[in-house]
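Some notes on the structure that comes next.
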Amino acid sequence: MIEQIVLEHLAAALEVPVGIEVSAGTDRAAQFVVLEKTSSSRADHLCTAQFAVQSYGPTLLAAMELNEQVKAAMDGLDELDEVVSSRLNSDYNFTDTATKRYRYQAVYDVTHY
1 MIEQIVLEHL AAALEVPVGI EVSAGTDRAA QFVVLEKTSS SRADHLCTAQ FAVQSYGPTL
61 LAAMELNEQV KAAMDGLDEL DEVVSSRLNS DYNFTDTATK RYRYQAVYDV THY
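Under the numbering used here, the letters of the sequence shown match residues 1 to 113, in that order.
Take a look at the structure:
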């Protein structure tokens with residue numbers, strides 16, 4: 001399952017917790033990454049998945065710096081045997097106005113077997 005592959009890759013590459021959801025009661029000063037698969041498709045025996053990777057930080061600068069680390073890790077995803085390519089679609093400030101938590105989001109298109 002590509003979600004598990006990407007999750008394990010990010011967890012090994014980053015020095016912050018990586019998960020698929022924000023845990024209730026997470027410290028507002030914590031830095032962490034949340035992975036979400038937003039879509040997928042399949043054609044000619046190749047699968048494509050789009051991932052939104054959200055980098056949370058206690059400050060906007062911390063979230064931005066963590067986003068850069070995430071992009072470096074995602075750019076190396078294609079070194080795995082199961083992954084054909086990992087391409088940055090876009091990244092941007094995605095601060096959560098409801099919770100007032102700083103975050104950046106990087107959207108990646110991943111082609112895999």
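Backbone N, C-alpha and C fix where the C-beta goes; we use that ideal spot for every residue, glycine too.
Computed from a predicted model, the values in this text were never measured in an experiment.
When DSSP states are grouped into helix, strand and coil, Ala-62 belongs to the helix group.
Burial is judged here by how many other beta carbons sit within 10 angstroms of a residue's own beta carbon; Ile-20 has fewer than 16 and is exposed. Per DSSP, reduced to three states, the secondary structure at Ala-11 is helical. Ala-30 has its alpha-carbon roughly 14 Å from the corresponding atom of Tyr-104.
Collapsing the DSSP output to three states places Leu-77 in a helix.
Of Glu-68, Asp-81, Lys-100 and Ile-5, the smallest CA-CA separation from Glu-36 is found for Ile-5. Separation of Phe-94 and Ala-24 (C-alpha to C-alpha, rounded to the nearest whole angstrom) is 19 Å. In this structure, the beta-carbon distance from Val-34 to Gln-54 falls below 8 Å.
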